[in-house]
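Residue numbers (the numbering used here), protein chains in the order written: chain Y, 54 to 163; chain L, 5 to 117.
Right under this line is the structure:
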């Protein structure tokens, strides 16, 4: 079983749509959670960290559900420039080892 | 400009020929890490380093070596490359591990024939 699992997609949505991705993780001792964005095999870049209380950054909202061991990313008012692969990242057990999901591909269409 | 650099960016080699991929960061970060990315598998951590002379295995360390003699550099060494090490490799650094943002290099595409 993979440590971190994501639906690979693709999610094809029109501009302006709201789209949500989930990511599940296997180790309940996981410490930190992140969403990264990766464009077409370029380097991943941090989109946002995910805090226990949930957090929002503009059109992006991330939430953590420890009981069910998943994190989510909600994108509102999708833009063409949001088209990318979104990577879920979890770190455990010693706080310095990171596990990436295989990514969810998003295509935003005009 | 704050950045992580990797060299070479592209490399074609043959089985068994030792190679080194260099990684350097200019942000005075303590934590550095190597990942490989393969289709359908996502990024998998190979090795990481908490600081100079401190390295530890990630999820897929077999066939790789690393060293951290200086804070800014973290080379990845393939002593005897094999075709199953054909992959896209990323180096990353952060202030410290844990909750910190990781900054990634541009990647090195390696093909082992």
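We put the beta carbon where it would ideally sit given N, CA and C, even for glycine.
Treat the numbers as computed from the prediction; the structure is a model and nothing was measured.
Spatially closest choice to residue i from the options, by CA coordinates
i: residue 156(Y); options: 80(Y), 68(Y), 69(Y) and 97(Y); result: 97(Y)
i: residue 100(L); options: 35(L), 59(L), 39(L) and 12(L); result: 35(L)
i: residue 42(L); options: 117(L), 89(L) and 116(L); result: 89(L)
i: residue 57(Y); options: 114(Y), 162(Y), 110(Y) and 142(Y); result: 142(Y)
i: residue 50(L); options: 6(L), 8(L) and 91(L); result: 91(L)
i: residue 28(L); options: 75(L), 44(L) and 68(L); result: 75(L)
i: residue 87(L); options: 8(L), 18(L) and 10(L); result: 18(L)
i: residue 151(Y); options: 112(L), 37(L), 114(L) and 44(L); result: 37(L)
Short Cβ contact (9 angstroms threshold) for residue i with residue j
i: residue 85(L); j: residue 23(L); result: yes
i: residue 107(L); j: residue 31(L); result: yes
i: residue 110(L); j: residue 26(L); result: no
i: residue 4(L); j: residue 60(L); result: Outside the shown range of chain L (5 to 117) lies residue 4(L), about which nothing can therefore be said.
i: residue 103(L); j: residue 85(Y); result: yes
i: residue 131(Y); j: residue 71(Y); result: yes
i: residue 128(Y); j: residue 73(Y); result: yes
i: residue 83(L); j: residue 67(L); result: yes
i: residue 99(Y); j: residue 113(Y); result: no
i: residue 117(L); j: residue 15(L); result: no
i: residue 125(Y); j: residue 160(Y); result: no
i: residue 158(Y); j: residue 61(Y); result: yes
Simplified DSSP assignment, three categories, for residue i
i: residue 118(Y); result: strand
i: residue 89(L); result: helix
i: residue 134(Y); result: helix
i: residue 117(L); result: coil
i: residue 84(Y); result: coil
i: residue 64(L); result: coil
i: residue 12(L); result: coil
i: residue 76(Y); result: strand
i: residue 110(Y); result: strand
i: residue 75(L); result: coil
i: residue 55(Y); result: coil
i: residue 43(L); result: coil
i: residue 25(L); result: strand
Beta-ladder partner(s) of residue i, from DSSP
i: residue 108(L); result: 96(L)
i: residue 101(Y); result: 88(Y)
i: residue 59(L); result: 53(L)
i: residue 162(Y); result: 67(Y)
i: residue 144(Y); result: 85(Y) and 151(Y)
Handout entry: Selection of the stretch 61-80 of chain Y by Cβ proximity to chain L, strictly under 9 angstroms
Key = If you check each beta-carbon in the stretch 61-80 of chain Y against every beta-carbon of chain L, the ones closer than 9 angstroms belong to 61.
Exercise for the section: Output, in sequence order along the chain, the residues in the stretch 113-128 of chain Y whose CB is closer than 9 angstroms to any CB in chain L. Expected result: Of all residues in the stretch 113-128 of chain Y, none is placed with a Cβ closer than 9 angstroms to any Cβ belonging to chain L.
Handout entry: Members of the stretch 126-158 of chain Y near chain L, C-beta cut-off 8 angstroms
Key = Flagged, chain order: 140, 144, 148, 149, 150, 151, 152, 153, 154, 155 and 156.
Practice task
Would you list, in chain order, the members of the stretch 96-110 of chain Y that have their beta-carbon closer than 9 angstroms to a beta-carbon of chain L?
Solution key: So the list reads 96, 97, 98, 99 and 102, given in the order they occur along the chain.
Practice task
Select from the stretch 45-58 of chain L all residues with a C-beta closer than 8 angstroms to any C-beta belonging to chain Y, and list them in chain order.
Solution key: Flagged, chain order: 45, 46, 47, 48, 49, 52 and 54.
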